[in-house]
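Below is one structure; the comments refer to it alone.
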Amino acid sequence: MIRVKLIFLLFLTTLTGNLLAQDCAYPPLVEIPDGATATLDQMVAAQGNIQTFIADMTDYQDCINNALEVAGDDATDEFRAIMIGRFNAAATEIEAVAASFNEQIAAFRAANQ
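In the numbering used here, each number is its position in the sequence shown, counted from 1, plus 405.
Written out as structure tokens, the structure is:
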């Protein structure tokens with residue numbers, strides 16, 4: 406029984422070490438101004454911030470892929486499911502931020518015709 410616990414502890418330590426080595430930091434959400442009241446400078450600044458956010462999210466997704474590669478065949482199904490869920494959530498958030506910003510661009514244009 407002790408041997409099983411030691412093997413499990415070794416496995417857990419190895420997996421935790423791999424996760425720590427692949428510290429995938431989730432980028433902070435970007436603020437999108439209200440296009441109906443924002444200035445041109447605010448919209449341009451937001452565009453730059455969103456481009457940075459998307460690049461950071463892409464780096465986050467790359468980190469997730471790397472963590473999966475490092476784990477290789479030793480990765481549990483649960484670990485794979487969690488990492489794939491995180492990857493997909495990041496993709497969904499990128500799409501949502503882009504769609505929201507596009508809505509605010511339309512509002513900005515409508516308010517400034």
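The beta-carbon is built from N, C-alpha and C at its ideal position, and this holds for glycine as well. Computed from a prediction, not measured in an experiment: that's the story for all the values here.
1) Where do the ends of the alpha helix (DSSP H) carrying residue 487 lie?
2) Determine the closest residue to residue 496 out of 476, 516 and 463, with distance taken between C-alpha atoms.
3) Closest to residue 502 by C-alpha separation, out of 445, 460 and 428, would be which residue?
4) Assign residue 476 to one of three DSSP states: helix, strand, or coil.
5) When the Cα atoms are used, what is the spatial distance from residue 479 to residue 492?
6) Please work out which residues of its chain come closer than 6 Å, Cβ to Cβ, to residue 441, disregarding the five sequence neighbours upstream and downstream, and give them in chain order.
7) Between the region 463–474 and the region 436–451, do at least 3 Cβ pairs fall closer than 8 Å?
8) Apart from the five residues on each side of it in sequence, which residues of its chain come closer than 8 Å, Cβ to Cβ, to residue 455?
Looking at the coordinates:
1) First-last of the alpha helix (DSSP H) with residue 487: 482–516.
2) 463
3) 460
4) helix
5) 19 Å
6) 512 and 516
7) no
8) 435, 437, 502, 503 and 506
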